[in-house]
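As structure tokens, the structure follows; a few thoughts come after it.
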């Protein structure tokens, strides 16, 4: 499952760069779809990450921020970026 989570993280980064390209090129429909795909992929990866962490007994005591909360906050940032960009592109 860890390999799947890492592959999904790579897909999220790829979709993020695609979203930037589509926003710069004024590709409304492609940017909208890419933003939503990035958000939903981030949500799925976040759930998978939490499941893997809890199954492995992590995070270690005293290291919760770096091992658990920081990665969760990175996923939340990608979710928010995807949804906000999709909403802005839909309104144009």
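In the numbering used here, the protein residues as written are 4 to 95. Ideal Cβ positions, reconstructed from N, Cα and C, are used throughout, including at glycine.
Could you work out which residue in the options is closest to residue i when comparing CA atoms only?
i          : options           : result
residue 10 : 38, 25, 52 and 30 : 52
residue 18 : 38, 7 and 8       : 38
Would residue i and residue j qualify as a contact pair, given that the criterion is a beta-carbon distance under 8 Å?
i          : j          : result
residue 95 : residue 32 : no
Return the CA-CA distance between residue i and residue j, expressed in angstroms with no decimal places.
i          : j          : result
residue 90 : residue 80 : 15 Å
residue 78 : residue 29 : 25 Å
residue 70 : residue 64 : 10 Å
residue 15 : residue 67 : 24 Å
residue 73 : residue 20 : 21 Å
Where does residue i fall in DSSP's three states?
i          : result
residue 95 : coil
Mind checking if residue i is an interface residue toward chain D, Cβ cutoff 8 Å exclusive?
i          : result
residue 12 : The chain labelled as chain D is not found in the depicted structure, where only one protein chain is given.
Subject >> Entirely enclosed beta strand (DSSP E) segments - the segment 25-77, minimum 3 residues >> reply: Taking only runs of at least 3 residues, no beta strand (DSSP E) segment lies wholly in the segment 25-77.
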